[in-house]
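K.L.:
One structure is given below, represented as structure tokens, and several questions about it will come after.
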Amino acid sequence: MSGSASPVPMALQAEDLHVSFGNARRGSLIRAVDGVSFSVRKGEIFGVIGESGSGKSTLGRCLVGLLTPSGGGVRHGGIDPFRFSRRELNRHRRKYQIVSQDPNAAFDPRMTILQSVCEPLNIAGEGTRAERREKAFEMLDRVALSPEMANRYPHEISGGQKQRANIARALMLDPNVIVCDEVVAALDVSIQADMLNLFARLQEQFGLTYVFISHDLRVVSHISDCVAVMYFGKIVEVGPAHAVMEAPLHPYTEALRSAEPEITPAGADARSRIILQGEIPSAVSPPGGCRFHTRCPRVRDVCRIQEPQQRELLPGRHVACHFAEEMLVEQERKGLSAGRNRVQDMASATQALT
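Sequential numbering from 1253 applies to the sequence shown in this note's numbering.
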């Protein structure tokens, strides 16, 4: 990028974001999101990967204003939405939509698909009935659902078709950002590929920004420009998707990657699976030091005492591990790029932690 080029504006930012549940006095406080910071550029697909319980879904709901931060903040295009009144927040939130794993939760079984897709505009009081129906048919067409589907009820269509209708519903309010929370997790692998292609096509058509949340590193790395890896409420690694997938620099990411099969021409899995040992920490009383140390195959004494801080190890590669440099050396010995060779190509899409 030349020095005279304008920087890409930020669509979404999390700034030392905390989301907690429970009561500290009763010993039941759960820090679901604990000090998360990142920025998502306009038009970017930002992936968030983590196991169940990592805090990624809580993060997604907070990003669109459905949960209020316990600390830190969220910015939508530089604006703090949580300073708005409830009415102003509801009006603003239309530009920040979320599509969740279970499309059944978005549909009233007593309403047709067309009625449900029209519902966001009904609630907003926008347009005439004819205008709302016209736009709904347009959005259904955009997600590759035929007009015949419009008059069916949710139980009369497949899970994949319901998820497409769910996406059409989210598009009705002309959003800038869509948080996709495990949107393909319940679908067959063949349908997953079609859905990922649909998201890419819609991004191009509408200029959308996505936050794509999943437990599946393969899915996230396929569609995302940049990937953040969450563990127990914290981001442990972030970088260009191809670099994180090809050469992880955090032991947790390395373990996730090892679970993805790598098939050789002979048909065998060429990758050694890393089996995480040890106990999964309690959400109420997380361990001191690095939260991953109870399961980490590379753990040392310092990991149990001192929490590692995020640092930029390579351009666009941020890691929270005391021994990330050692992993970098190992990756380079294996002949992997760790993002060094192609980082310039990804510069416009690389997400930097703040």
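Backbone N, C-alpha and C define an ideal beta-carbon position, used for all residues, glycine too.
By Cβ distance, which residues of its chain are closer than 8 angstroms to N1403, with the 5 residues on each side in sequence left out?
P.N.:
Cβ within range, chain order: T1364, I1365, L1366.
K.L.:
Looking at C-alpha atoms only, which residue of G1295, R1385, P1333, F1336 is the closest neighbour of F1451?
P.N.:
Of the listed residues, the one whose Cα sits closest to F1451 is G1295.
K.L.:
Nearest to V1429 by alpha carbon, out of P1567, L1460, P1355?
P.N.:
The option with the nearest alpha carbon to V1429 is L1460.
K.L.:
At which residues does the alpha helix (DSSP H) containing P1503 begin and terminate?
P.N.:
Unbroken alpha helix (DSSP H) run through P1503: 1503-1510.
K.L.:
Specify, as a first and last residue, the run of the beta strand (DSSP E) that D1286 falls within.
P.N.:
Counting along the chain, the beta strand (DSSP E) containing D1286 begins and ends at 1282-1293.
K.L.:
Please tell me whether R1381 and V1395 are closer than 7 angstroms, where the distance is taken between their beta carbons.
P.N.:
No. Outside cutoff.
K.L.:
From I1532 to R1547, what does the alpha carbon distance come to, in whole angstroms?
P.N.:
Going by the C-alpha atoms only, they are around 7 angstroms apart.
K.L.:
Helix, strand or coil, according to DSSP, for F1273 in the structure here?
P.N.:
Correct three-state label for F1273: strand.
K.L.:
Assuming H1574 and C1555 form a contact by the criterion Cβ under 8 angstroms, report the distance between their Cβ atoms to the nearest whole angstrom.
P.N.:
That pair is a contact at about 6 angstroms.
K.L.:
Would you mind sorting P1560 into buried or exposed? The rule is 16 or more other CB atoms within 10 Å of its CB.
P.N.:
That one is buried.
K.L.:
What are the boundary residues of the alpha helix (DSSP H) that V1571 is part of?
P.N.:
Per DSSP, V1571 belongs to no alpha helix (DSSP H); it is in the beta strand (DSSP E), 1569-1571.
K.L.:
Let me check understanding here. Comparing Cα to Cα, which of R1362, F1273, G1323 lies closest to S1289?
P.N.:
When only C-alpha atoms are compared, the closest one is G1323.
K.L.:
So, A1499 versus Q1562, is the Cβ gap smaller than 7 angstroms?
P.N.:
Not a contact, by the Cβ cut-off of 7 angstroms.
K.L.:
Taking the straight line between their C-alpha atoms, what separation do you get for K1414 and L1565?
P.N.:
About 42 angstroms.
K.L.:
Below 7 angstroms CB to CB, which residues in the same chain sit around H1270 once its five sequence neighbours on both sides are set aside?
P.N.:
Taken in chain order, the residues that qualify are R1283, V1285, D1286, G1287, P1321, S1322, G1323, G1324.
K.L.:
By a C-beta neighbour count over all protein chains shown, 10 Å radius and 16 as the cutoff for buried, is R1421 buried or exposed?
P.N.:
Buried, since its Cβ has 16 or more Cβ neighbours within 10 Å.
K.L.:
Have a look at D1332 and N1342 and give me their C-alpha separation to the nearest angstrom.
P.N.:
Taking the straight line from one Cα to the other gives about 13 angstroms.
K.L.:
Sort G1530, R1384, V1351 by Cα distance to M1447 and report the nearest one.
P.N.:
Of G1530, R1384, V1351, the residue nearest in Cα terms is V1351.
K.L.:
Tell me where the alpha helix (DSSP H) around R1384 begins and ends.
P.N.:
Element bounds for R1384: 1381-1394.
K.L.:
Take G1317 as the anchor and find which of V1490, Q1265, L1392 has the nearest alpha-carbon.
P.N.:
When each option's Cα is compared against that of G1317, the closest is Q1265.
K.L.:
Using beta carbons (cut-off 7 angstroms, strictly below), is E1506 in contact with chain D?
P.N.:
The displayed structure is made up of one protein chain only, and chain D is not part of it.
K.L.:
Can you give the Cα-Cα distance for E1371 and V1435, rounded to whole angstroms?
P.N.:
Their Cα atoms are separated by approximately 21 angstroms.
K.L.:
Straight-line CA distance for E1386 to A1572?
P.N.:
About 50 angstroms.
K.L.:
Would you kindly report the start and end of the unbroken beta strand (DSSP E) that includes P1492?
P.N.:
Unbroken beta strand (DSSP E) run through P1492: 1486-1492.
K.L.:
Run through DSSP, which three-state label would R1404 get?
P.N.:
It is coil, neither helix nor strand.
K.L.:
Closest by CA to G1312, which one among N1374, Q1349, V1490, I1375?
P.N.:
Nearest of N1374, Q1349, V1490, I1375 to G1312, Cα basis: Q1349.
K.L.:
Does DSSP classify Q1265 as helix, strand or coil?
P.N.:
Note: Q1265 maps to strand in three-state DSSP.
K.L.:
Would Y1504 and F1544 be called neighbours here (beta carbons separated by less than 7 angstroms)?
P.N.:
Taking 7 angstroms as the Cβ cut-off, Y1504 and F1544 qualify as a contacting pair.
K.L.:
Roughly how many angstroms lie between the CA atoms of L1454 and I1297, to the nearest whole one?
P.N.:
Those two C-alpha atoms are separated by around 12 angstroms.
K.L.:
Can you tell me where the beta strand (DSSP E) holding V1300 begins and where it ends?
P.N.:
Segment 1297-1301, the beta strand (DSSP E) holding V1300.
K.L.:
Cα separation between Q1444 and V1551?
P.N.:
The alpha-carbon atoms of Q1444 and V1551 are separated by roughly 36 angstroms.
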